[in-house]
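Step one of this worksheet: look at the structure below.
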Amino acid sequence: IMKKKEQTPEREDFENALKEHGTFVDISIDELVQIHKAATRHARMRAQDKVLINKLMTTSVTTVSADCTLSDAAHLLVTEKISGLPVVDENNCLIGIITEADFLHALGIPSHQPGNSLWHTLEHLFSHTDKVGDTDGTVSDLMQKNVITVSPDNSLHEALASMKHNAIKRLVVCDDNRHVVGMLTRSDIVRIFFDHFIQ
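Here the sequence shown is numbered in this note's numbering, starting from 134 and rising by one per residue.
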């Protein structure tokens, strides 16, 4: 876990910060403040590079098979209080993922529209209860096959960049053979920063 001293800018951070601003002959106070901010950012990124996913991920992962019924998968999401289930084959190799958003989308509920609050989503859900009972299919009917994954040896910085670039809330952690070995969620990352800043 990151320590505060790891975020204190060192010489290499100031060198990287200076490279962002070009070569200076005279440096004003404002420029010095900007350089210090940039060096601090580089120090933070350096600290993130030292924190590996295998130290952050949740290793107890609930998975489902592609032939699991949608009703069973939905029940797991609710009872386990999770928002996504990796889908694996008989060898525990990742073949997809199904999330609560997939269920809402299948029900015609606009879960990803920025203007919709949680209350709007719930109101829509309860006004379409005739669709909710239609859970006779299997996970393979709704699962997303193109899953963004991360290696246990990747850094926190790499994980954050991947989540931001792909606009996702979670990363499935897989080994070289695509065996599911963990999950990394936004909550895990928030916890790491919270633990860091209260030390």
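From the three backbone atoms N, C-alpha and C, an ideal C-beta is built for every residue, glycine too. Please read these numbers as outputs of a predicted model, since none were measured by experiment.
The alpha-carbon separation between Ala294 and Thr282 amounts to approximately 12 Å.
Under DSSP, the beta-bridge partners assigned to Gln277 are Ile230. Residue state for Ser320 is assigned as helix, using DSSP reduced to three classes.
When DSSP states are grouped into helix, strand and coil, Thr191 belongs to the strand group.
Burial of Ser288 is indicated by the presence of at least 16 other C-beta atoms within 10 angstroms of its C-beta. The DSSP-derived three-state label of Val272 is helix. For Leu293, the enclosing alpha helix (DSSP H) starts and ends at 289-299.
Annotated three-state conformation of Val197 is strand, per DSSP.
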